[in-house]
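Numbering (UniProt numbering), first residue to last: 1 to 726. Using N, Cα and C, we set each Cβ at its ideal position, and we do this for glycine too. Keep in mind it's a predicted model, so treat the numbers as computed, not measured.
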């Protein structure tokens, strides 16, 4: 692979104008396709096969009037008893009529008829039924809905439209540009050259542009969840900058060693590029592996992110060499650009008194205390993870001041938390008579279930075969008690004869999604750990190194979960990340985090340990090889980690709690894995293992294919080439 990439790098530099034009054409072409073919994203998370989803599909087929998105308008009168006065009733009826005539709305329920009033006569709820699902509601319809009741508000009333209809697409604003700016500063400091930093950033941005344009072009044919493009952007930026950084760093070193630009870029792509391809492949495999879980929206998210990572790899091994060809020796600091400095091989020699070498010597000398302190520290950070709860966030976790949060708070204030997470029982049978016979049985069973506050009168479809019964729990959507209520209701109605009874609603959907993801988490974790051991065994020709890498990955995941739970679920230091209300973690965060962190952890493992193996194979002792690998790789890996942390951290400033938690968890995970696990615990363990780290049974060595990430085959090819020239 190294030899093939060596030739690709040289060819890309020689034909740099053609390569640049091709990528520019691809970018423009996909951009135009995205502009014309882009489809809407989905803000709901469906789970085929679950009871709640079966009920939703049944309603869409038999009771379409009740299958669309719902809204709830919370009303607060200026004083107690106002709702019962003639003037107050006129205000509420006017708001109800206004809501019923909105575009896309099929009806609004009068709170007086539904008895959706508080005893003190101050709060009321208007249920609004839309014709289409939440993803089919247009921005214009949503805006009109949010403006309902302006006239009443002018009279001192508080009108707060809310409900699932307000579940919109999270917007990417200017806050994440802070992360990109920090990444650019890190590049300038690392390279000491604006040209090198700018070229690396340009390379990454082109890759992200191509990946995102391609993703949006496909969105017309494939339904994307609203978080999928954000995740793809997050990962595409981070790995795009990092992969270009690795190749540019090796190219600069080759120039300082006296190689001409074409040869320097060829060897850079052949060596660092091999590691980039392998590292990118691990990220792609881990993300694509989410399809194994069998959850459609998670599969789409994983494949979307995997696509942008694939583009980042292709850009790094083709466009980066071309841009390096345009830059020439300007990628070097100004003081090293003169011919004498470039041609003198000693100029590029490593200063073994640098921080990386000093750190490696210190860690290997104190390896036992370092390992013990590292394990103890990460173990303590992981403790909160045992209390982790998963759920789909409801409006109570939205940013303060947003319409959804204002409405949720007002409903909780007047009616209690259960009214923000209504459940719906669907009763259906082959005949109207069977349905009518089942309704009172179901109603009685639900009413006597612990944790149920109220049961609404049934709504029956025109055919009389399907009925919808609203259920109000006593507790909020993401509380454990509500999960118990959902399971208890399902158990209570399971014995109904001659009719199918299904429980659904946004709250039930969230519970079903969370439980299925929780069940899939151990299987996926086992798959990822097994995959990491196998892949690293191919790369490093060792058994203990892959096992050590997998255990380090588990430490990273556990500590990351612990910190994320402490901040986002328990609320410790929540103000620092702009979190208004602690809540359970979004249900798909752990499984996504495992997939992404696995790939990124393998990035740093490969870039550090491959140099250790390279020096060990060429005659250094295991101890010296460990020090050399850390000394040579510490600066670049530090820069790469800081860049990823900056990019991921930029998304923490978004209001959306899902994106905020994803950005935070990824930033923390990268920091722990790069600085604590890979650059501290790994060299200490490698030093402790000594020669045993590189042991591999002969029979296994024979059957494992040689992927040659270290570039041994490339060195042999170059030696033959040099001999032939002589």
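Nearest by alpha-carbon distance to residue i: which of the options is it?
{"i": "residue 469", "options": "451, 505 and 476", "result": "505"}
{"i": "residue 286", "options": "155, 183 and 603", "result": "603"}
{"i": "residue 494", "options": "548, 537, 427 and 696", "result": "427"}
{"i": "residue 166", "options": "32, 680, 130 and 549", "result": "130"}
{"i": "residue 673", "options": "647, 549, 458 and 471", "result": "549"}
{"i": "residue 728", "options": "20, 125, 2 and 108", "result": "Residue 728 lies beyond the range of the chain shown here (1 to 726); nothing can be said about it."}
{"i": "residue 467", "options": "280, 16, 60 and 30", "result": "60"}
{"i": "residue 328", "options": "230, 195 and 221", "result": "195"}
{"i": "residue 662", "options": "368, 706, 693 and 586", "result": "586"}
{"i": "residue 35", "options": "501, 621, 405 and 212", "result": "212"}
{"i": "residue 465", "options": "484, 620, 429 and 489", "result": "429"}
{"i": "residue 365", "options": "624, 102 and 267", "result": "624"}
{"i": "residue 323", "options": "15, 637, 668 and 688", "result": "15"}
{"i": "residue 687", "options": "545, 699 and 89", "result": "545"}
{"i": "residue 182", "options": "94, 20 and 648", "result": "648"}
{"i": "residue 284", "options": "265, 164 and 311", "result": "311"}
{"i": "residue 425", "options": "459, 412, 431 and 270", "result": "459"}
{"i": "residue 729", "options": "280, 275, 306 and 274", "result": "Here the chain comprises residues numbered 1 to 726, so residue 729 is not present and cannot be evaluated."}
{"i": "residue 297", "options": "592, 692 and 605", "result": "592"}
{"i": "residue 82", "options": "49, 120 and 69", "result": "120"}
{"i": "residue 8", "options": "319, 304 and 217", "result": "319"}
{"i": "residue 738", "options": "53, 10, 232 and 31", "result": "In the structure displayed, the chain extends from 1 to 726; residue 738 sits before or after that span and is not available."}
{"i": "residue 611", "options": "56, 260 and 637", "result": "637"}
{"i": "residue 539", "options": "609, 481, 486 and 576", "result": "609"}
{"i": "residue 408", "options": "133, 28, 451 and 163", "result": "163"}
{"i": "residue 246", "options": "671, 356, 190 and 393", "result": "190"}
{"i": "residue 701", "options": "357, 147, 571 and 537", "result": "537"}
{"i": "residue 266", "options": "441, 1 and 280", "result": "1"}
Check whether the Cβ atoms of residue i and residue j lie closer than 8 Å to each other.
{"i": "residue 552", "j": "residue 363", "result": "no"}
{"i": "residue 295", "j": "residue 517", "result": "yes"}
{"i": "residue 473", "j": "residue 453", "result": "yes"}
{"i": "residue 98", "j": "residue 156", "result": "no"}
{"i": "residue 630", "j": "residue 679", "result": "yes"}
{"i": "residue 40", "j": "residue 139", "result": "no"}
{"i": "residue 666", "j": "residue 563", "result": "no"}
{"i": "residue 650", "j": "residue 177", "result": "yes"}
{"i": "residue 210", "j": "residue 237", "result": "no"}
{"i": "residue 333", "j": "residue 244", "result": "no"}
{"i": "residue 695", "j": "residue 514", "result": "no"}
{"i": "residue 12", "j": "residue 19", "result": "yes"}
{"i": "residue 489", "j": "residue 455", "result": "no"}
{"i": "residue 367", "j": "residue 622", "result": "no"}
{"i": "residue 200", "j": "residue 218", "result": "no"}
{"i": "residue 559", "j": "residue 378", "result": "yes"}
{"i": "residue 89", "j": "residue 123", "result": "no"}
{"i": "residue 524", "j": "residue 270", "result": "no"}
{"i": "residue 557", "j": "residue 594", "result": "yes"}
{"i": "residue 399", "j": "residue 143", "result": "no"}
Based on the DSSP secondary-structure assignment, which residues constitute the bridge partners of residue i?
{"i": "residue 161", "result": "73"}
{"i": "residue 502", "result": "426"}
{"i": "residue 129", "result": "70 and 107"}
{"i": "residue 586", "result": "391"}
{"i": "residue 123", "result": "76"}
{"i": "residue 117", "result": "124"}
{"i": "residue 41", "result": "224"}
Within the continuous alpha helix (DSSP H) that includes residue i, where are the two ends?
{"i": "residue 484", "result": "480–493"}
{"i": "residue 733", "result": "Because the chain is modelled from 1 through 726, residue 733 falls outside the range shown and cannot be assessed."}
{"i": "residue 567", "result": "Note, residue 567: premise wrong, no alpha helix (DSSP H); not H, not E."}
{"i": "residue 375", "result": "367–382"}
{"i": "residue 88", "result": "86–100"}
{"i": "residue 727", "result": "Here the chain covers residues 1 to 726 and nothing more, so residue 727 does not appear."}
{"i": "residue 7", "result": "2–14"}
{"i": "residue 179", "result": "177–191"}
{"i": "residue 142", "result": "139–146"}
{"i": "residue 386", "result": "Looking at the DSSP string, residue 386 is not in any alpha helix (DSSP H), and its letter there is neither H nor E."}
Grab the span of the beta strand (DSSP E) containing residue i for me, first residue to last.
{"i": "residue 623", "result": "Unbroken run through residue 623 is the alpha helix (DSSP H), 622–650; no beta strand (DSSP E)."}
{"i": "residue 470", "result": "466–473"}
Can a CB atom of chain B be found closer than 8 Å to the CB of residue i?
{"i": "residue 569", "result": "The question asks about chain B, but that chain is absent: this structure has only one protein chain."}
Sequence ranges, alpha helix (DSSP H) only - wholly within the UniProt domain "SSD" (194–326), length at least 4: Annotation note: the UniProt domain "SSD" (194–326) contains the following uninterrupted alpha helix (DSSP H) runs of length 4 or greater, listed N- to C-terminal: 194–218, 228–256 and 261–288.
Those runs of the beta strand (DSSP E) which lie wholly inside the region 400–478 and span at least 3 residues: For the region 400–478, whole beta strand (DSSP E) runs of length 3 or above, ordered along the chain, are 423–428, 452–455 and 466–473.
Length at least 3, wholly inside the region 661–706: the beta strand (DSSP E) runs in chain order: Segments of the beta strand (DSSP E) lying fully in the region 661–706: there are none.
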